[in-house]
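These notes concern the structure reproduced below.
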Amino acid sequence: MVLAFKVFEVVEEMDFATIASKLKNYKMVEIEEINGREVETGFEIVSLEERDGKLVGNVIESFIVSLSYKGEEFRAPVSVSTLFEFYRYRDRILLIIAAKKPRANRIASIFSTILSARKAAILEAQIPAETLKALHEERPGSTKVVFFDGVKLPGVDKLSLYGEQLADTTLYSEYLKLGKVWYVVFEAEEGIVIGVTRNCVVTFFSKIDIDSALDYIREKIIPLTVKP
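Below you can see the structure in the form of structure tokens.
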């Protein structure tokens, strides 16, 4: 199963105690009625705790979905739980959200609003294009895919190289002249296949448990980032 994460950075100066005091037991819900039963929908933060230099918790998002069964339409409540952690790295605080980009962005935006009066308290973490370029060039045989953005060709947003195309150093050099490395899929030394974008969307394509994935992000991905 593919595991997806996105990394953000807290750019407004605050410590774990401040973050915890604002997020702990935060709840923004409404009561809705389904078939005579009252249910909560909305957003809440649960199980927030500091451990091993990390502030870890879960977001529970609850909502109503419409379902169809043999021609019959009915509504049902659904909850989705998302793990997150704030992580100290040197003089910075990073936020790792265990979700695909749309949900991760939504949660980070809500956190930013809770933590600060300004929405820009939390920004996407950034990996320089040159760093992703080096990630491929240091071990080119391990790279599976490279995407380029900022392409100068009219009507072309992105270029890509897959598999055997990556062995064509002339084609790779031509693409570098036309754009910047945006996304790299590679096999790490640990034998796992990982995709990384410049705005720190991290996807694990190999079988891996969530704790090991988080360890890899802390040890190998976050050091590649620079302050926004």
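Quick note: the sequence shown uses the numbering used here, first residue 47, plus one each step.
Think of the CB as a built atom: it goes at the ideal place given N, C-alpha and C, for glycine as much as any other residue.
inquiry  = Assuming contact is defined by CB atoms lying nearer than 9 Å, are Q172 and P274 in contact in what I supplied?
reply    = yes
key: Length of the line joining the Cα atoms of S139 and R164   = Checking the sequence shown, residue 139 turns out to be Ile, not Ser. Using only the alpha carbons, I get a separation of about 17 Å.
Reduced DSSP secondary structure (H/G/I, E/B, other) of Y72 = coil
key: R152, enclosing alpha helix (DSSP H) - first and last residue   = K147 to L161
key: Counted within 10 angstroms of its Cβ, other Cβ atoms place S158 as buried (16 or more) or exposed   = buried
task = Give the DSSP-derived three-state secondary structure of F54 in the structure shown.
result = strand
message = Measuring alpha carbon to alpha carbon, tell me which residue in K147, Y115, S93 and V53 is nearest L141.
response = V53
query = For the segment 117-131 against the segment 143-150, are there 3 or more C-beta pairs whose distance is under 8 Å?
reply = yes
request  = Tell me, please, whether the segment 255-268 touches the segment 211-220 by the rule of three or more beta-carbon pairs shorter than 8 Å.
outcome  = no
inquiry  = Considering only the alpha carbon of each residue, which of K204, E233 and L169 lies closest to E184?
reply    = E233
request  = Report the residue from E90, I91 and E76 whose alpha carbon sits nearest the alpha carbon of E84.
outcome  = E76
ask   = Is it buried or exposed for F194, if we count other Cβ within 10 angstroms and need 16 for buried?
value = buried
ask   = For A50, which option in R121, G103 and V239 has the closest C-alpha, if you only look at C-alpha atoms?
value = V239
key: Cβ distance (whole Å) where V191 is taken to contact V231 below 8 Å   = 4 Å
ask   = Would you call the segment 96-112 and the segment 218-232 in contact, with 3 or more CB pairs under 8 Å?
value = no
query = Run through DSSP, which three-state label would F251 get?
reply = coil
request  = Figure out for me which residue from K266, V242 and D137 has the closest Cα to the Cα of E15.
outcome  = Examination of residue 15 is not possible in this model, given that the chain is present from 47 through 274 alone.
ask   = Roughly how many whole angstroms lie between the Cα atoms of L69 and E78?
value = 24 Å
query = Roughly how many whole angstroms lie between the Cα atoms of A154 and V56?
reply = 10 Å
Other residues of its chain near L199: CB distance less than 7 Å, five sequence neighbours each side excluded = L224
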